[in-house]
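Residue numbers (our numbering): 5 to 207.
Following this line, the structure appears as structure tokens:
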């Protein structure tokens with residue numbers, strides 16, 4: 005059993021970075037100014053506080069085969085500012101998750117969102133290794149295959165669920181009716197309605 009658990013951890017370390025990298029390339033071209041934004045509302049309004057030339061630096065850990073961080077650097081070597089909530093660069097919106105550390109959106113729109121596929125990966129691996137283990141893996145997701153988080157008009161980062169998405173579309177009578185007719189609210193369904201809301205309310 006110890007060997008099986010060690011094998012599971014080893015496989016996760018090798019492939020989680022790969023899955024994360026796949027979500028990084030899911031952006032669609034959008035009409036926004038390249039620059040730094042103080043908050044999400046400023047991005048929706050297309051009002052960067054600076055359009056000073058910069059480049060995005062991607063740090064990659066070759067040993068673990070995964071991206072460890074994304075930072076921006078001004079071309080003139082000016083120290084990076086901590087004012088930026090997000091940066092828009094080469095058709096991709098990146099939002100701040102740490103000091104000078106940014107993560108790309110999965111889809112950009114009025115309700116931009118991210119997807120954490122690692123949860124789905126862990127779930128799939130558990131089925132592969134079930135016969136090798138006698139103890140239950142208690143960290144597996146019980147309801148959704150993967151985690152979805154979106155930003156509302158006030159820039160709040162919200163975890164998507166049947167309740168939060170229901171609240172988001174409550175005033176859209178057709179979507180609300182369709183949503184309540186869904187046989188099961190899954191991660192894919194949550195993404196479906198975020199995409200519908202982004203399409204309905206473009207920039």
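Ideal placement from N, C-alpha and C gives every residue a C-beta, glycine not left out. Source: prediction; values computed, not measured.
Pairwise C-beta distances place the region 64 to 72 out of contact with the region 35 to 44, as fewer than three of them are shorter than 8 Å. Here residue 169 is not near residue 205, since their CB atoms are 8 Å or more apart.
The Cβ neighbour count for residue 57, taken over all protein chains shown within 10 Å, is under 16; the residue is labelled exposed. In the DSSP annotation of this structure, the continuous segment of the beta strand (DSSP E) that includes residue 96 starts and ends at 96 to 102. When DSSP assignments are scanned along the region 31 to 57, the uninterrupted stretches of beta strand (DSSP E) that are 3 or more residues long and fall wholly within it turn out to be 39 to 41. A straight-line Cα-Cα distance of about 25 Å links residue 98 and residue 173. Taking residue 162 as the centre and dropping the five residues before and after it, the same chain places the C-beta of 153, 154, 156, 168 closer than 7 Å to its C-beta, in chain order. Note on geometry: alpha-carbon atoms of residue 184 and residue 54 lie some 44 Å from one another. Cβ-Cβ distances below 7 Å link residue 200 to 179 in the same chain, with the five nearest sequence neighbours on each side left out; the list follows chain order. In the DSSP assignment, residue 171 falls within the alpha helix (DSSP H) that extends over 166 to 172. In the DSSP assignment, residue 90 is bridged to 41, 99.
Residue 79 is classed as exposed because its beta carbon has fewer than 16 other beta carbons within 10 Å across all chains shown.
Counting other Cβ atoms within 10 Å of its Cβ, residue 86 stays below 16 and is therefore classed as exposed.
Secondary structure note for residue 80: it is in no alpha helix (DSSP H), with a DSSP letter that is neither H nor E.
By the neighbour-count definition (other C-beta atoms within 10 Å, threshold 16), residue 90 is a buried residue.
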